[in-house]
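Quick note, the sequences are listed as chains W and C, same order. Per our numbering, the first sequence starts with residue 8, numbered consecutively. Per our numbering, the second sequence starts with residue 8, numbered consecutively. Just so it is clear, CB atoms sit at the ideal spot from N, CA and C, and this is done for glycine as well.
Protein chains: 2
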Amino acid sequence: MVRAGLTPERLTRAGAELADEVGFDQVTVSALARRFDVKVASLYSHLKNSHDLKTRIALFALEELADRAAAALAGRAGKDALAAFADAYRDYAREHPGRYAAARLRLNPETAAASAGVRHAQMSRAILRGYDLTEPDQTHAVRMLGSVFHGYVSLEMAGSFSHTAVGTQESWAWILDSLDALLRSRGPAAGRTAGGGSPMPVSDPEFDRQG
Amino acid sequence: MVRAGLTPERLTRAGAELADEVGFDQVTVSALARRFDVKVASLYSHLKNSHDLKTRIALFALEELADRAAAALAGRAGKDALAAFADAYRDYAREHPGRYAAARLRLNPETAAASAGVRHAQMSRAILRGYDLTEPDQTHAVRMLGSVFHGYVSLEMAGSFSHTAVGTQESWAWILDSLDALLRSRGPAAGRTAGGGSPMPVSDPEFDRQG
DNA sequence: GAATACTGGCTAAAGCTATTAGGAAAATGC
DNA sequence: GCATTTTCCTAATAGCTTTAGCCAGTATTC
Chain W
8 MVRAGLTPER
18 LTRAGAELAD
28 EVGFDQVTVS
38 ALARRFDVKV
48 ASLYSHLKNS
58 HDLKTRIALF
68 ALEELADRAA
78 AALAGRAGKD
88 ALAAFADAYR
98 DYAREHPGRY
108 AAARLRLNPE
118 TAAASAGVRH
128 AQMSRAILRG
138 YDLTEPDQTH
148 AVRMLGSVFH
158 GYVSLEMAGS
168 FSHTAVGTQE
178 SWAWILDSLD
188 ALLRSRGPAA
198 GRTAGGGSPM
208 PVSDPEFDRQ
218 G
Chain C
8 MVRAGLTPER
18 LTRAGAELAD
28 EVGFDQVTVS
38 ALARRFDVKV
48 ASLYSHLKNS
58 HDLKTRIALF
68 ALEELADRAA
78 AALAGRAGKD
88 ALAAFADAYR
98 DYAREHPGRY
108 AAARLRLNPE
118 TAAASAGVRH
128 AQMSRAILRG
138 YDLTEPDQTH
148 AVRMLGSVFH
158 GYVSLEMAGS
168 FSHTAVGTQE
178 SWAWILDSLD
188 ALLRSRGPAA
198 GRTAGGGSPM
208 PVSDPEFDRQ
218 G
């Protein structure tokens with residue numbers, strides 16, 4: 008019998024593609040087996056179970072998204088960086104809805120701590136460095152950015168913004184302008200001291216630990 | 008045989024409770040049947056199928072959430088209204104995570120248009136009336152509020168904010184302050200004219216049509 | 001108050017997905 | 001060339017979904 012050449016990596020990648028095509032929650036071990044023209048049970052030599060598959064896809068997406076965001080961020084600062092970062096997320100979600108959904112899978116703390124989620128947190132804080140926020144405010148800001156970006160992308164993907172004459176591109180620009188203005192106004196002002204904060208579509212509590 | 012007294016309404020309500028207990032995606036026709044101590048097939052006299060059940064739960068949650076938000080909004084204006092509205096969403100998600108997740112189910116346009124999602128949109132715009140925004144800005148603002156609220160609640164529920172010393176309550180307050188300041192600063196300013204916009208965790212495109 | 005029609009829950013059965021156990025053939029190592 | 005490991009397969013169990021058809025209470029009607 009000719010071997011199909013299955014590996015966890017190939018399965019993960021194919022799973023990510025499948026997710027983009029049919030939706031992350033429709034990703035199933037069976038569907039993946041069909042795609043490789045192989046019996047379902049065969050996949051269990053490479054994957055622990057269905058949840059394992061989904062976790063791998065999530066980690067893959069998290070990593071890919073972090074790479075994109077990092078590339079977008081390179082050499083930028085201030086509002087420029089803010090916009091580039093935000094666009095990286097939005098574009099990724101548009102191009103890869105299934106993977107974006109996967110990146111939002113809730114991971115257990117250990118897995119999350121070892122994931123690219125950590126990089127997401129670092130990048131968020133890096134952007135805020137350009138706004139001179141003192142500590143508790145910085146955490147609040149990280150959380151706000153994460154909320155806006157994730158919330159906007161989710162709602163836009165869900166089609167919640169599609170019954171309107173006002174273009175979503177304009178709203179997005181308006182929102183980024185607003186955030187920039189807001190962060191500048193919160194500049195070198197009040198604030199005690201505290202811990203870290205978390206930003207993005209990342210899965211779990213992990214990435215709060217700043218780098 | 009003693010009848011169980013099944014009705015679509017009772018099933019929907021029980022489904023909502025089940026969702027809060029085990030998670031919306033774990034809500035299954037089988038589990039619901041077990042809960043009523045009845046055979047699975049019996050439910051199919053009252054529900055079209057599994058998706059129908061989920062849709063009903065989503066509509067129920069949307070309605071319940073709209074009721075709460077409306078109650079919170081009564082007699083308030085300005086920042087007061089903004090905070091009350093936001094808190095209604097956040098509290099609902101904390102008390103009923105399964106229902107909140109249900110409210111985010113993607114509905115088809117017709118169903119969505121007939122849902123309580125419409126009320127959510129109306130309320131969002133009502134709040135913004137206190138800030139004197141001219142049209143395109145109002146839509147942008149509606150979208151931003153929806154994004155922040157939904158995004159924050161999602162991330163908080165996912166535990167993304169839990170690895171930090173800074174309390175989420177403080178961040179929430181900080182964010183609401185910021186939004187209020189931002190909206191006031193965007194006050195009677197620039198802006199052409201355009202369509203409507205959409206805000207909340209609502210499911211689909213429906214509720215963009217303002218009331 | 002009995003005949004009639006309806007309704008609600010049941011049994012049975014088929015089709016999917018997930019997962020485990022154990023087998024056999026292909027690739028690898030020495 | 002043979003032993004070992006790897007890779008995929010067959011077989012089987014189990015749960016969820018959905019359809020079809022039955023039967024007994026419930027409501028209706030004369």
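Cβ of residue i within 8 Å of any chain C Cβ
| i | result |
| --- | --- |
| W/Ile64 | no |
| W/Arg75 | no |
| W/Ala11 | no |
| W/Leu89 | no |
Reduced DSSP category for residue i - H, G, I as helix; E, B as strand; rest coil
| i | result |
| --- | --- |
| C/Val45 | coil |
| C/Thr146 | helix |
| W/Lys86 | helix |
| W/Gly77 | According to the sequence as given, residue 77 of chain W is Ala; it is not Gly. Correct three-state label for W/Ala77: helix. |
| C/Asp211 | With a pLDDT of 39 at C/Asp211, under the threshold of 50, the modelled position of that residue is not reliable, and no figure is offered here. |
| C/Leu175 | The sequence given here places Thr at residue 175 of chain C; Leu does not occur at that position. Helix at C/Thr175. |
| W/Val36 | helix |
| C/His157 | helix |
| C/Tyr99 | helix |
| C/His127 | helix |
| W/Arg136 | helix |
| W/Ala68 | helix |
| C/Ala165 | coil |
| W/Leu6 | No answer is possible for residue 6 of chain W: it lies beyond the span of chain W, which begins at 8 and ends at 218. |
| C/Leu114 | coil |
| W/Asp62 | First, the amino acid is wrong: residue 62 of chain W is Thr here, not Asp. Of the three classes helix, strand and coil, the one that applies to W/Thr62 here is helix, per DSSP. |
Proximity to residue i [Cα-Cα], best of the options
| i | options | result |
| --- | --- | --- |
| C/Tyr29 | C/Gln176, C/Ser167, C/Ala109, C/Ala121 | Strictly speaking, residue 29 of chain C in this sequence is Val, with Tyr absent from that position. That would be C/Ala109, whose Cα lies nearest to the Cα of C/Val29. |
| C/Ala88 | C/Tyr138, C/Ile134, C/Ala21, C/Leu152 | C/Ile134 |
| W/Ala91 | W/Ala78, W/Ala100, W/Arg101 | W/Ala78 |
| C/Arg75 | C/Lys86, C/Ala93, C/Asp59, C/Gly85 | C/Ala93 |
| W/Ile182 | C/Arg191, C/Leu152, C/His157, C/Asp184 | C/Leu152 |
| W/Ala68 | W/Met130, W/Ala38, W/Arg20, W/His58 | W/Arg20 |
C-alpha gap between residue i and residue j, whole angstroms
| i | j | result |
| --- | --- | --- |
| W/Arg126 | W/Ala65 | 15 Å |
| W/His103 | W/Pro15 | 20 Å |
| W/Leu72 | W/Arg83 | 18 Å |
| W/Tyr138 | W/Arg191 | 6 Å |
| W/Leu114 | C/Tyr107 | 20 Å |
| C/Lys46 | W/Val160 | 41 Å |
| W/Asp187 | W/Ala40 | 47 Å |
| C/Tyr99 | C/Arg193 | 29 Å |
| C/Gly22 | C/Gly124 | 20 Å |
| C/Arg17 | W/Ala121 | 44 Å |
| C/Ala26 | C/Tyr96 | 17 Å |
| C/Gly166 | W/Thr118 | 14 Å |
| W/Gln33 | C/Thr141 | 42 Å |
| W/Lys55 | C/Phe168 | 29 Å |
Bounding residues of the alpha helix (DSSP H) (the contiguous stretch that carries residue i)
| i | result |
| --- | --- |
| W/Lys55 | Per DSSP, W/Lys55 belongs to no alpha helix (DSSP H) and is neither H nor E. |
| C/Ser122 | That residue, C/Ser122, is in no alpha helix (DSSP H); it is neither H nor E in DSSP. |
| W/Ala23 | 15 to 29 |
| C/Gly105 | 104 to 110 |
Cβ of residue i within 8 Å of any chain W Cβ
| i | result |
| --- | --- |
| C/Ile134 | no |
| C/Pro143 | yes |
| C/Ser71 | Checking the sequence shown, residue 71 of chain C turns out to be Glu, not Ser. Taking Cβ atoms only, chain W never reaches closer than 8 Å to C/Glu71, which makes this a no. |
| C/Ala197 | Low confidence applies here, because C/Ala197 scores a pLDDT of 43, under 50, leaving its location unreliable; read the following figure in that light. Taking Cβ atoms only, chain W never reaches closer than 8 Å to C/Ala197, which makes this a no. |
| C/Ser37 | no |
| C/Phe92 | no |
| C/Val173 | yes |
| C/His157 | yes |
| C/Ala165 | yes |
| C/Met151 | yes |
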